[in-house]
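Read through the structure below, which is laid out as C-alpha cells, and then see the notes.
Residue numbers (the working numbering), protein chains in the order written: chain L, 246 to 457; chain D, 773 to 1529.
Given below as C-alpha cells:
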C-alpha cells in the first residue's frame, strides 16, 4: 500500500499534498541529473538526453504528519518549441529553473525561463533558481552573490546544488515543498469533510457556466 | 573469437506482450504468459552497467516510484527502486574475466535497447490514452451536459490512440522479427553459448532491421500531426472546464484503475508479487502526456542516429537524417499552430467578454463555446427581405469554422444575434443581382449570401465599404464554405442532411455534427424560393440603392459608389429605397468589436473617431460654433457637399429628399431616366419584361445610436418632391412617418427566431 494512503488512514491529522514540478533550463545544465539524484539518488557522468519518461514522482516527508509528493516533469528538448513548452509548465505549481554555475550563458537562459514562467504559468507558482555543478566551484563563472541578487530582485528562491555529489539536492526540494501551499490542501479537505448542506440556501446557477 | 555470455533480460513490468490487448483492461495482468516471447538477449560490458541502469529506469511506466518514507528523518528509502534495478539489469552484467564486446557490438545492443525503450514507452503511452478516454472523458460526457469541444477532444484522443496502436503494432512486429533473426542464427550456427560466437561484429541482420525500423518510423510516427494540433489546442480548454468538476472522482469510482494505479504484478520472480507502480493516473498527468510525447520521438530518433552513425552506410545515414528532419518538421508544425492558437484564445476570451452574457441569456449556455474558434471578424451592412419590405442593419460579423454570426449592437451591447451555418450557404452572388434572388442593387461593393433553411432559400445582401474589403470577405467566406459544403451537390440537399442529423442526433449522433446545422434567423425573414417552387418572377424583385459614406480608407472608391447610386436612382428615380450607411454606424461596430476586428485584413474607420475622442478635452473648451466647424470639416472626407452646419443637421432628415439635387450638384446626371444609364446590370430585369417591383420611396438610414425609428425610413422621395426643395425637413419627416407608419422597417428590435437542431 502506498505510503500516502496508509498515512492518511492511520492518522486522521496526516496531511498529504501532490504537486506538479517542472524543471527548465539550458541543455546540459544537469536538470535530469538533479531529478535522478533526488528520485533515485544516483548519478552518471554520461547521461544522455532525456528520453522516454513522461515524469517521475518522489515523495518526501516534511514532518511525521506531512507528506508531499512531487510529480516531476523533466524537460526533454522541448525548450525549442516555445508554445508546446508553455503547455507543459502552464499547470505546474513549482518550477526549478536550473543553470550551470560554470557557464555564464546558462544564467541568461535561466532568466528567460523565469520571465516565461512569470508571464505564462500560474500566478502562484513557486519558482526556484538552481545553480548546479557546485562540485565544480573552482571553475565557477557565476558568483553566488550575482545569482542571489537576481533571485532576490525577482522575489524567487535560490539554491546551489551538486547533482554529482548530491549536495543540497534534498534540501532544495524540501525548501520548495515548504513554500508550497500545503495548508490550503488540508484545509480544503477538512472543509469537505465538515461540509453541511444548508437547505435554505439557493443554488448558485453560475457554477455550471462554461469556463472556456 | 570470444567466450560469450548471455542472459535473458527480464523485462519486468515494462516488457511487451505477445498479444497485447489494447481493449481489454486486464492486459496489464497478462504479462506472465507473454514473458516467454519477449526475451531479449543482452550482451554488455561491465562499463556499460551504469548507463544501462540509468536508461532502463527511464521508462514511462514504472520509473516513477515513491517508496516508504522515514517519517522521523524525512530521508528517502530506495530499497524498492534498487530491487527494480536488479530485475531489469540482471542480464546486463558481464561475468568477470570475459572479454569485452567490440564497440560495434555495444552500439548494436544499444540500438536494440533504444528500440525497446521506444516500444515500452509507446505501450505505456497507449495505456495513458486509453485511460484518458475511457476513464475520464467518457464518464465526464455521460455524467453531464458538456460543451461540444469535450466530445471533439475525446474523438481526437480516440484518433490518436488508433494511430499509435498501428504504429506500435508495426514496431512490435519488426522488433520480434529482429529477435527471431538473432535466435535463429544462434541456433543454426553460432549459439551465443558457443565459443565461436563473434563479439566483434554486430549480427548480420542488424542493419537491415534498423533500416526497417527507420522506414516504419518515417511512415507512421506522428502520422497525423493535425490531431496533435487539435489536442494541444483543446487541452487548455478542457483543463479549464474540468477545474471545478472534481474529475478525479471517475478514477476513484473505477475499481480497476484504482488498482492498476498502484500495482502491477511482478511475475519475474518465482513467486509473483504485487509491486508498486506509482500513482500516475491523475487526469492532469494523462492529459499532459501527448503534448510531451510528440517531442520525445525527435529525441529518441536522434539518439538512435547517434548510436548508428558509425555503422551505417551513407544511404541509411541519409534515411536516418530524413527521419529526424521529418519528426522535427512535425513538431514545428504543431508548435507553429499552437502559436496561432494562443492568439485565437485571446480573441476567444475577448469574444466571451463581449458576447458571453447575451448568448447565455438568449441561447444555450454553451452556444458561444460550441461555435468554436473565431477565424475572422468585421462589420458590414446586412440587408434582407422581410415580408413586403427590406430590412437593413449594420452588424458585426463573426466568422467561425462552421457558422457566420451577425450581431446587431446598440451602444457596444449586442441586441440581436443571427447565426447562419456555413454549410447552408449554397451560393455567393457577387454580381448581376437579380439573376437569382429577389434583392437587387447596383452598388458595386456588395455580394449576396444565399442560404438554405428548412427547405427554403433565403438571401442576405452584404454591403461593404470598398472593393478590397469585399475581396477579403469573399476570399475567407469562399474558402471556409468550400470546406463546410464538401460533398453537398444537389438542390436542397442541406435540408435533407439537416433532417437526417436531427433524426439521428437523438440516437446518439455526434453533437458537433448536429450543431454545425444550428441556425438562428431574424423574425419574419422572407425566403425567395421554397422547395418545389420555380425561381422568382420579375414582379417580386426588390431593388435598392446605397448611399455609403466615404472615408479615408475608401476614398479611392468614391467614384464607383456615387456612380452606382446615381445609375439606379436615375433609372427608377423615386421608386427605390436608398439605404444610407453612415460612418458612425461603422465606427460603433468597430468600437464594439475592438481587438476582435480583423485589422490585418479589413480597413478601420475609427481613426477619426479616436482622434475625435482624444480631442475631447480640447473640444470641451470650444464653442458650439467651433464644434460645428470641426464636424463640417471632418464630414468633407465623406464626399458630401460643403454646407453649413445647420443645413447639414437638417440634411440628416431630408438627405434623401435632396438626393437628386446632391447628385446633380456633383455628378453629371440626366434628370430623365434612360436605358443607357441603367447599365448592363438592369438587363437582367428587363429580360423579365415586367416592371421591377419597388418597395417604395424610402431611404434607410443606418444609425444604431439613434432612435430606432429614426434609424429606419426617414424621408420620402417622390418624383414630384425631388424638385420641391422648399419642403422643410421636419415636414418631410412627419409626412414620411404618417404615410408609412405601417411600412416602417422595424430596425434592430426584431426578435431572432432560433431554430434549434
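Ideal Cβ positions, reconstructed from N, Cα and C, are used throughout, including at glycine.
So, does the CB of residue 1095 of chain D fall closer than 8 Å to a CB anywhere in chain L?
-> Not one chain L Cβ lies under 8 Å of residue 1095 of chain D.
C-alpha gap between residue 995 of chain D and residue 935 of chain D, whole angstroms | 7 Å
Beta-carbon of residue 361 of chain L versus every beta-carbon of chain D: anything under 8 Å?
-> no
Closer than 7 Å, Cβ to any Cβ of chain L: which residues of the stretch 895-916 of chain D, in chain order?
-> none
To the nearest angstrom, report how far apart residue 259 of chain L and residue 1054 of chain D are at their CA atoms.
-> 21 Å
Option in L:329, L:380, L:388 with minimal Cα separation from residue 361 of chain L = Residue L:329 holds the alpha-carbon nearest to the alpha-carbon of residue 361 of chain L among L:329, L:380, L:388.
Residue from D:1164, D:1161, D:1187, D:1112 whose Cα sits closest to the Cα of residue 1133 of chain D = D:1187
Taking residue 328 of chain L as the query, report the chain D residues whose CB atoms sit under 7 Å from its CB, ordered along the chain.
-> 1107, 1110, 1111, 1114
Test: residue 367 of chain L CB closer than 8 Å to a CB of chain D = no
Chain L contact residues for residue 1060 of chain D, given Cβ-Cβ distances below 9 Å = 265, 299, 300, 318, 332, 333, 336
Residue 1250 of chain D - DSSP class collapsed to helix/strand/coil | helix
Residue 1591 of chain D and residue 928 of chain D closer than 8 Å at C-beta | In the structure as shown, chain D starts at 773 and stops at 1529, and residue 1591 of chain D therefore has no counterpart that could be examined.
Which word fits residue 1015 of chain D, buried or exposed, when buried means at least 16 other C-beta atoms lie within 10 angstroms of its C-beta?
-> Exposed: under 16 other Cβ atoms inside 10 Å.
Does the ligand FAD have even one heavy atom less than 7 Å from the beta-carbon of residue 1270 of chain D?
-> This structure lacks the ligand FAD, and indeed carries no ligand of any kind.
Contact between the stretch 904-913 of chain D and the stretch 1065-1079 of chain D: three or more CB pairs below 8 Å?
-> no
What is the DSSP secondary structure of residue 1190 of chain D, counted as helix, strand or coil?
-> strand
Which class does residue 983 of chain D belong to by DSSP, given the choice of helix, strand or coil?
-> helix
Round the Cβ separation of residue 1321 of chain D and residue 1353 of chain D to the nearest angstrom and send it over; I've been treating them as touching at under 8 Å.
-> The C-beta distance from residue 1321 of chain D to residue 1353 of chain D rounds to 6 Å, short enough to fall under 8 Å.
Span separating the alpha-carbon of residue 264 of chain L from that of residue 369 of chain L | 13 Å
Show which residues of chain L have a CB atom less than 9 Å away from the CB atom of residue 1147 of chain D.
-> Residues of chain L passing the Cβ test: none, with the nearest at roughly 16 Å.
Would you kindly work out how many angstroms separate the C-alpha atoms of residue 1229 of chain D and residue 1300 of chain D, rounded to a whole number?
-> One C-alpha to the other measures close to 6 Å.
Please list, in chain order, all residues of the same chain as residue 1126 of chain D whose beta carbon is under 6 Å from its beta carbon, the five residues on each side excluded.
-> Annotation for residue 1126 of chain D: no residue places its beta carbon closer than 6 Å to its own, counting only its chain and skipping 5 residues before and after.
Spatial neighbours of residue 1003 of chain D in its chain, beta-carbon cut-off 6 Å, leaving aside the 5 residues before and after = 928, 1062
Can you check whether the CB of residue 427 of chain L is closer than 8 Å to the CB of residue 406 of chain L?
-> It is not a contact, given that the beta carbons lie outside the stated cut-off.
Please confirm if the stretch 1207-1219 of chain D is in contact with the stretch 1326-1340 of chain D, defined as three or more CB-CB distances below 8 Å between the two stretches.
-> yes
Given a threshold of 16 other Cβ atoms within 10 Å of its Cβ, counted over all protein chains shown, does residue 1326 of chain D qualify as buried or as exposed?
-> Under this definition residue 1326 of chain D is a buried residue.
Find the residues of chain L that neighbour residue 1056 of chain D, judging by a C-beta separation of less than 9 Å, and give them in chain order.
-> By Cβ distance, chain L contributes 265, 316, 336.
Would you call the stretch 1240-1249 of chain D and the stretch 1146-1163 of chain D in contact, with 3 or more CB pairs under 8 Å?
-> Yes, the stretch 1240-1249 of chain D touches the stretch 1146-1163 of chain D.
Length at least 4, wholly inside the stretch 983-1017 of chain D: the alpha helix (DSSP H) runs in chain order = 997-1014
Should residue 511 of chain L be labelled buried (16 or more other beta-carbon atoms within 10 Å of its own) or exposed?
-> The first residue shown for chain L is 246 and the last is 457, placing residue 511 of chain L beyond what the model contains.
Which chain L residues are close to residue 1001 of chain D, counting only those with a beta carbon under 9 Å from its beta carbon?
-> None at all; the shortest Cβ gap to chain L is about 11 Å.
So residue 305 of chain L is in the beta strand (DSSP E); what residue range does that whole segment cover?
-> Boundaries of the beta strand (DSSP E) around residue 305 of chain L: 301-308.
When DSSP labels each residue in this structure, what does residue 271 of chain L get in the three-state scheme?
-> The answer is coil: DSSP assigns residue 271 of chain L none of H, G, I, E or B.
Measuring CA to CA, which of D:989, D:879, D:1169, D:1148 is closest to residue 1373 of chain D?
-> D:1148
Using alpha carbons as the reference points, say which of L:335, L:304, L:266 lies closest to residue 319 of chain L.
-> L:266
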